[in-house]
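Q: Dumping the structure here so I can ask a few things about it.
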Amino acid sequence: QTRLEKFDYVDGRHRYCILRLSQTLFGEWCLEQAKGPIGAPGGQESRAYFLQQQEAQQGFDAQRDALLKRGFVPLPVQLGLL
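Encoded structure:
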């Protein structure tokens, strides 16, 4: 799981994006993306499914790299205990 945020002080827009890679009950790999404004209502979620973990990881890396090019910065996320 990776959380990225972008702060645009000129326009006053602050946005977030969360990328999560997980395996479904049926053995497929799911790349989930949630994005929207920080501190305001609204946002979007999308999911992409892959048969192989390697394909899913490539999709994750490609999406993360595209967000980094747009000015997003990764933030450390603490995962909950199992």
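Residue 23 is where the sequence shown starts when you use this note's numbering, and the numbers rise one by one after that.
Idealized CB from N, CA, C, for every residue including glycine.
Treat the numbers as computed from the prediction; the structure is a model and nothing was measured.
#1: Please report the distance separating the alpha-carbon of E67 from that of Q79.
#2: Reducing DSSP to helix, strand and coil, say where A78 ends up.
#3: Are the Cβ atoms of L53 and F94 separated by less than 8 Å?
#4: Could you compute how far the alpha carbon of T46 sits from the alpha carbon of C39?
#5: Does the beta-carbon distance from Q85 to L41 come in below 8 Å?
#6: Taking 8 Å as the threshold (C-beta atoms), are P59 and R35 in contact?
A: On the basis of the coordinates in this document:
#1: 18 Å
#2: helix
#3: no
#4: 21 Å
#5: yes
#6: yes
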